[in-house]
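Each residue of the sequence shown is one higher than the last, beginning at 19 in our numbering.
Note that CB positions come from ideal geometry on N, CA and C, so glycine has one too.
Keep in mind it's a predicted model, so treat the numbers as computed, not measured.
This report concerns only the one structure given below.
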Amino acid sequence: MLGTLKWKLMQKRGTRICEGKYRRSQILFLIDAAVINAAYVLTSGFFLSGFVIHLNGSDFIVAILNNSFTWAAILSVFSFLIFERIRTRKKLLIFTNAISRFLSGSIVFLPLLFDDEKLIIALLTVMVIIANIMWGIYQLGWMIWYIEVAPEGKKSDYIYLRMLILRIAITIAIQGMGYVLDYYDKSYTGFFIVFVTSLALSANDVVILLFVDEPCYKTREDVKYGAAMFFSPFSNPEFRKFLIYTFFFYLSITISTSFTSIYLIKYLELDYKLISMINVISYILMIVTTRFWDRMQGRKGNMFVIIVSSIFIMLDYLIYSFLTARTLFLLYLSAVVGGTGNGGFNTAIVAYRFELMPKSGKSIYEGWFKAIYGISVLLAPFIGEMLMNAIPESMEIAFSINRFRILYMISFVLGGIVLFASFYKPGLLLPGERDVNI
Numbered sequence: 019m020l021g022t023l024k025w026k027l028m029q030k031r032g033t034r035i036c037e038g039k040y041r042r043s044q045i046l047f048l049i050d051a052a053v054i055n056a057a058y059v060l061t062s063g064f065f066l067s068g069f070v071i072h073l074n075g076s077d078f079i080v081a082i083l084n085n086s087f088t089w090a091a092i093l094s095v096f097s098f099l100i101f102e103r104i105r106t107r108k109k110l111l112i113f114t115n116a117i118s119r120f121l122s123g124s125i126v127f128l129p130l131l132f133d134d135e136k137l138i139i140a141l142l143t144v145m146v147i148i149a150n151i152m153w154g155i156y157q158l159g160w161m162i163w164y165i166e167v168a169p170e171g172k173k174s175d176y177i178y179l180r181m182l183i184l185r186i187a188i189t190i191a192i193q194g195m196g197y198v199l200d201y202y203d204k205s206y207t208g209f210f211i212v213f214v215t216s217l218a219l220s221a222n223d224v225v226i227l228l229f230v231d232e233p234c235y236k237t238r239e240d241v242k243y244g245a246a247m248f249f250s251p252f253s254n255p256e257f258r259k260f261l262i263y264t265f266f267f268y269l270s271i272t273i274s275t276s277f278t279s280i281y282l283i284k285y286l287e288l289d290y291k292l293i294s295m296i297n298v299i300s301y302i303l304m305i306v307t308t309r310f311w312d313r314m315q316g317r318k319g320n321m322f323v324i325i326v327s328s329i330f331i332m333l334d335y336l337i338y339s340f341l342t343a344r345t346l347f348l349l350y351l352s353a354v355v356g357g358t359g360n361g362g363f364n365t366a367i368v369a370y371r372f373e374l375m376p377k378s379g380k381s382i383y384e385g386w387f388k389a390i391y392g393i394s395v396l397l398a399p400f401i402g403e404m405l406m407n408a409i410p411e412s413m414e415i416a417f418s419i420n421r422f423r424i425l426y427m428i429s430f431v432l433g434g435i436v437l438f439a440s441f442y443k444p445g446l447l448l449p450g451e452r453d454v455n456i
């Protein structure tokens with residue numbers, strides 16, 4: 019792990035990755051990657067799901083909130099009306115960041131203020147959704163800020179470096195706080211420490227962002243912000259196909275992942291230290307494979323990385339379809355396979371979509387990506403719930419398989435169909451292979 023980090027932080031072919039007039043800001047964004055992602059992971063995923071389960075929230079509420087950070091970003095597609103009209107966005111972005119993180123972390127104080135469980139769950143749900151809507155707006159503007167500051171000619175290298183650093187930070191945060199929760203026997207005290215730690219990290223991140231420089235964005239007063247501009251990403255054939263792929267791929271996998279935390283925590287009754295250990299192994303694989311995927315990106319392009327890493331991701335769902343209380347060892351295999359796949363996919367999908375965007379109007383394109391991604395993730399738990407309710411008990415008994423495992427198998431099959439369509443006829447769902455220089 020340290021060798022990989024050293025490789026990235028050192029000069030590459032005699033040239034530093036961080037360079038140019040925004041070098042200080044590039045370094046600060048790397049620090050931001052560690053701080054804000056450690057803070058964010060502590061108020062999402064199995065930490066958020068575990069807290070809702072602790073408060074006796076329903077399975078469906080847990081599933082909906084588990085992906086709310088994604089589907090709440092749907093509204094951010096309209097934020098281009100703001101971002102494309104203003105030259106300086108830094109104050110607005112820092113404000114939305116601060117409000118979002120405050121709401122996300124403050125849900126832990128609700129049990130101290132109220133006794134009614136239903137009221138607490140209702141307020142928690144509203145706070146999390148509002149926080150994630152604000153976060154979606156922030157992420158859209160931040161992504162443009164981040165890409166504009168990134169070193170010219172080395173944006174892909176810089177993206178991979180940032181991904182490496184944030185994965186290390188997330189690994190440490192997950193492992194440490196997983197042990198905290200188990201030490202306090204999954205009690206409120208443990209969750210209180212986790213969420214307050216997140217609030218402290220978030221406050222530090224705001225301070226870091228205050229010192230990041232912001233480019234002066236070009237705005238055009240003669241541009242009409244009407245329907246033609248709003249739907250312009252769909253007139254771009256390559257980006258339109260990318261959005262179609264995004265919708266179907268994420269829909270196919272999220273119908274099962276929406277219920278993963280519930281399955282592990284509530285039904286398999288796993289300790290948080292085991293869940294955190296699995297997540298840590300996954301992130302370690304993301305870290306150690308970063309150099310491999312970076313090399314593949316340089317040789318074959320981001321599209322190649324997306325397709326190959328997607329295969330690893332789909333195999334992870336196949337593994338989960340065999341997971342029971344007696345086959346918990348499969349969690350380790352899942353962490354290796356899934357970590358390897360996500361190590362390439364999560365980075366390449368960022369680099370590739372910015373490759374497809376024009377030099378101007380990036381906010382509109384990024385907004386539509388988040389909207390399509392969000393819609394698919396919003397629909398997924400509803401579809402997953404319907405599928406599980408439609409599975410007869412006789413089928414579970416006959417095949418000795420529970421509904422969660424069947425859902426993972428469905429994700430594997432549907433995701434495989436999306437990938438097959440991409441492989442069988444290049445360009446059907448994805449634009450096809452291109453040299454990548456963003």
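Element boundaries [alpha helix (DSSP H), containing residue i]
i: residue 259; result: 255-275
i: residue 217; result: 206-228
i: residue 457; result: With the chain covering 19 to 456 only, the question about residue 457 has no answer from this structure.
i: residue 40; result: Note, residue 40: premise wrong, no alpha helix (DSSP H); not H, not E.
i: residue 326; result: 320-338
i: residue 231; result: Premise fails: residue 231 is in no alpha helix (DSSP H) and is neither H nor E.
i: residue 182; result: 173-201
i: residue 135; result: 135-167
i: residue 389; result: 380-408
Proximity winner among the options, relative to residue i (alpha-carbon distances)
i: residue 359; options: 390, 303 and 51; result: 303
i: residue 198; options: 295, 162 and 278; result: 295
i: residue 53; options: 72, 115, 76 and 373; result: 115
i: residue 58; options: 246, 200, 120 and 386; result: 120
i: residue 432; options: 284, 214 and 267; result: 267
i: residue 298; options: 186, 345 and 250; result: 186
i: residue 151; options: 122, 130, 161 and 287; result: 122
i: residue 326; options: 163, 128, 362 and 384; result: 362
i: residue 311; options: 254, 181 and 206; result: 181
i: residue 45; options: 179, 127 and 159; result: 179
i: residue 391; options: 75, 368 and 376; result: 368
i: residue 317; options: 174, 195 and 214; result: 174
i: residue 410; options: 213, 144 and 424; result: 424
i: residue 35; options: 255, 172 and 214; result: 172
i: residue 402; options: 422, 209, 342 and 129; result: 422
i: residue 128; options: 60, 281, 306 and 214; result: 214
Cα-Cα separation, residue i to residue j
i: residue 275; j: residue 39; result: 42 Å
i: residue 322; j: residue 183; result: 23 Å
i: residue 504; j: residue 90; result: Residue numbering for the chain in the displayed model covers 19 to 456; residue 504 lies beyond these limits and cannot be assessed.
i: residue 420; j: residue 340; result: 10 Å
i: residue 17; j: residue 149; result: Lying outside 19 to 456, the shown extent of the chain, residue 17 is not represented and no answer is given.
i: residue 230; j: residue 42; result: 8 Å
i: residue 439; j: residue 262; result: 12 Å
i: residue 218; j: residue 107; result: 24 Å
i: residue 400; j: residue 273; result: 8 Å
i: residue 291; j: residue 257; result: 41 Å
i: residue 29; j: residue 169; result: Confidence at residue 29 is low in this model, with a pLDDT of 42, below 50, so the placement of that residue is unreliable and no value is reported for it.
i: residue 260; j: residue 371; result: 8 Å
i: residue 254; j: residue 380; result: 13 Å
Close Cβ partners of residue i (< 8 Å) along its chain, the five nearest in sequence each way excluded
i: residue 70; result: 79, 80, 83, 139 and 142
i: residue 156; result: 111, 114, 115 and 118
Closer than 8 Å: residue i CB and nearest the ligand ZN heavy atom
i: residue 288; result: You won't find the ligand ZN in this model; it holds no ligand whatsoever.
Contacting residues, own chain, Cβ-Cβ under 6 Å from residue i (five flanking each side not counted)
i: residue 330; result: 355, 358 and 359
i: residue 32; result: For residue 32, the predicted structure reports a pLDDT of 41, less than 50, and the residue's modelled location is therefore unreliable. A value from the coordinates is still provided. Cβ within range, chain order: n/a, list empty.
i: residue 265; result: 390 and 394
i: residue 193; result: 294 and 298
Own chain, CB closer than 7 Å to residue i, minus 5 neighbours either side, in chain order
i: residue 434; result: 332
i: residue 49; result: 226
i: residue 164; result: 47
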